[in-house]
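Residue numbering for the sequence shown follows my numbering, beginning at 294 and increasing consecutively. Quick notes on the structure that follows.
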Amino acid sequence: MSYRPFFGLAREPFSADLRLDEIMQTEDIKGVCQRLEYVIRIGAIGLVTGEVGAGKSTALRWATGQLHSSSHKVLWITATSGSILEVYRQLLAELDINTAASSRAVLTRMIRQQIINLAVNKKQQPLLIIDEASLLRLDVYTELHTLTQFQGDSKPWLPMILAGQNNLADNLLCRTAVPLASRIVARSHLKAVTREGMEQYIQHHLRVAGLKTSPFEGQAVTAIHQGSGGLFRKANHLARGALIAAAAEKSQTVTAEHVRLADSELL
Ligand SMILES: Nc1ncnc2c1ncn2[C@@H]1O[C@H](COP(=O)(O)OP(=O)(O)OP(=O)(O)O)[C@@H](O)[C@H]1O
Ligand SMILES: [Mg+2]
Numbered sequence: 294m295s296y297r298p299f300f301g302l303a304r305e306p307f308s309a310d311l312r313l314d315e316i317m318q319t320e321d322i323k324g325v326c327q328r329l330e331y332v333i334r335i336g337a338i339g340l341v342t343g344e345v346g347a348g349k350s351t352a353l354r355w356a357t358g359q360l361h362s363s364s365h366k367v368l369w370i371t372a373t374s375g376s377i378l379e380v381y382r383q384l385l386a387e388l389d390i391n392t393a394a395s396s397r398a399v400l401t402r403m404i405r406q407q408i409i410n411l412a413v414n415k416k417q418q419p420l421l422i423i424d425e426a427s428l429l430r431l432d433v434y435t436e437l438h439t440l441t442q443f444q445g446d447s448k449p450w451l452p453m454i455l456a457g458q459n460n461l462a463d464n465l466l467c468r469t470a471v472p473l474a475s476r477i478v479a480r481s482h483l484k485a486v487t488r489e490g491m492e493q494y495i496q497h498h499l500r501v502a503g504l505k506t507s508p509f510e511g512q513a514v515t516a517i518h519q520g521s522g523g524l525f526r527k528a529n530h531l532a533r534g535a536l537i538a539a540a541a542e543k544s545q546t547v548t549a550e551h552v553r554l555a556d557s558e559l560l
């Protein structure tokens with residue numbers, strides 16, 4: 294028997310595919326939201342750092358989801374290890390501009406015109422999110438801040454959030470990144486959650502999947518907390534895998550042993 298009907302789960306549990314209103318509003322997420330609003334208000338740069346799977350992209354999705362789409366335009370790009378031209382092309386695509394141009398000067402002019410058009414003419418505040426920014430090359434950090442400068446750096450038309458793993462902060466300490474780093478005014482660091490936070494997280498996802506009571510024993514929760522290091526993506530895999538292992542044994546309770554079985558499947 295498949296594990297979902299066995300536990301009475303209405304949908305795949307511990308999913309990455311959450312609607313905005315299904316995202317758990319942790320203190321960390323609220324902190325990201327406040328900093329994002331501050332960064333927009335003063336037209337500066339913000340950082341969101343954290344380990345792999347700590348919830349950075351989800352936090353930003355929730356925080357940007359709180360902005361009114363009539364008054365804000367979120368430009369979301371996922372960084373690559375390519376050159377700054379790659380960033381410009383991604384940004385133009387987000388601005389719905391098609392171009393075959395390849396000169397930096399032409400591309401940046403097109404970006405700037407469209408940003409001014411949005412911010413000044415359409416009264417729609419742009420916000421640039423660069424997710425996975427820890428992948429950006431050092432020479433890209435050197436040039437990136439020029440995108441945020443309008444009228445001699447006096448107009449806050451393109452606030453920016455950089456999100457990435459912890460080494461993002463180290464990369465920004467590099468000398469050539471100083472102009473970019475000096476514009477950073479807020480930083481959220483998403484920490485691993487505590488044992489109690491993990492319990493709430495598991496309960497939350499079970500509720501989203503339609504379960505009111507948790508089949509996880511206390512020790513199973515502890516095993517998920519330890520096995521995941523308090524990080525959400527790994528916790529998802531452990532919790533889902535443990536449900537599958539328990540169902541295979543026709544056990545309605547999920548034990549620490551089921552979590553260990555699930556863990557043996559993961560890298
Ligand atoms: N606040 C939350 N509420 C519910 N689920 C969450 C929350 N934050 C994270 N998750 C879950 O954890 C998973 C991983 O989160 P996310 O992709 O945001 O991490 P990340 O820090 O961006 O990881 P990476 O470093 O790989 O980019 C999500 O797919 C989601 O299932
Ligand atoms: Mg992410």
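Note that the Cβ used here is the ideal one computed from N, Cα and C, for glycine as well.
Reduced DSSP secondary structure (H/G/I, E/B, other) of residue i
i, result
"Q407", "helix"
"R354", "helix"
"T439", "helix"
"S521", "helix"
"V345", "coil"
"K448", "coil"
"L455", "strand"
"Q418", "strand"
"G339", "strand"
"F299", "helix"
"I423", "strand"
Short Cβ contact (8 Å threshold) for residue i with residue j
i, j, result
"Y381", "L400", "yes"
"A398", "Y434", "no"
"P449", "I370", "no"
"H497", "P306", "no"
"G503", "A303", "yes"
"A394", "L483", "no"
"Q458", "P508", "no"
"L437", "L473", "yes"
Integer Cβ distance of residue i from residue j, believed to fall under 8 Å
i, j, result
"L378", "A426", "Actually they are not in contact, since the Cβ atoms of L378 and A426 sit about 17 Å apart, beyond 8 Å."
"V341", "I454", "6 Å"
"A541", "V547", "11 Å between Cβ atoms; not a contact."
"G520", "V552", "6 Å"
"E344", "L466", "Their Cβ separation, rounded to whole angstroms, is 19 Å, which puts E344 and L466 out of contact at 8 Å."
"K349", "Q417", "Contact flag wrong, Cβ pair sits at about 25 Å."
"I408", "P419", "5 Å"
"V478", "V332", "6 Å"
"A386", "D424", "Between D424 and A386 the Cβ distance is about 15 Å, and since that is not below 8 Å, they are no contact."
"A372", "L431", "Not a contact, Cβ separation roughly 13 Å."
"E315", "V501", "5 Å"
"G375", "K527", "Between K527 and G375 the Cβ distance is about 29 Å, and since that is not below 8 Å, they are no contact."
Nearest candidate by alpha-carbon position, reference residue i, set the options
i, options, result
"S363", "K415, A502, I409", "K415"
"G358", "Q512, Q327, A347, R430", "Q327"
"L451", "E330, T351, V325", "E330"
"L531", "S557, P508, L421", "S557"
"A339", "E489, Y296, G490, S475", "Checking the sequence shown, residue 339 turns out to be Gly, not Ala. Minimum Cα distance to G339 is reached at S475."
"M317", "G445, A356, S295", "A356"
"L360", "G375, E320, L313", "L313"
"I517", "R480, G490, R297, K543", "G490"
"R488", "E510, D389, T515", "T515"
"F443", "D463, R402, E550", "R402"
"Q512", "K527, T441, R526, A535", "A535"
Residue span of the alpha helix (DSSP H) that contains residue i, given as start and end
i, result
"L499", "488 to 501"
"A555", "549 to 556"
"L329", "320 to 335"
"V380", "377 to 387"
"N460", "460 to 464"
"A474", "471 to 474"
Enclosing beta strand (DSSP E) for residue i [first to last residue]
i, result
"I370", "365 to 371"
"R480", "477 to 483"
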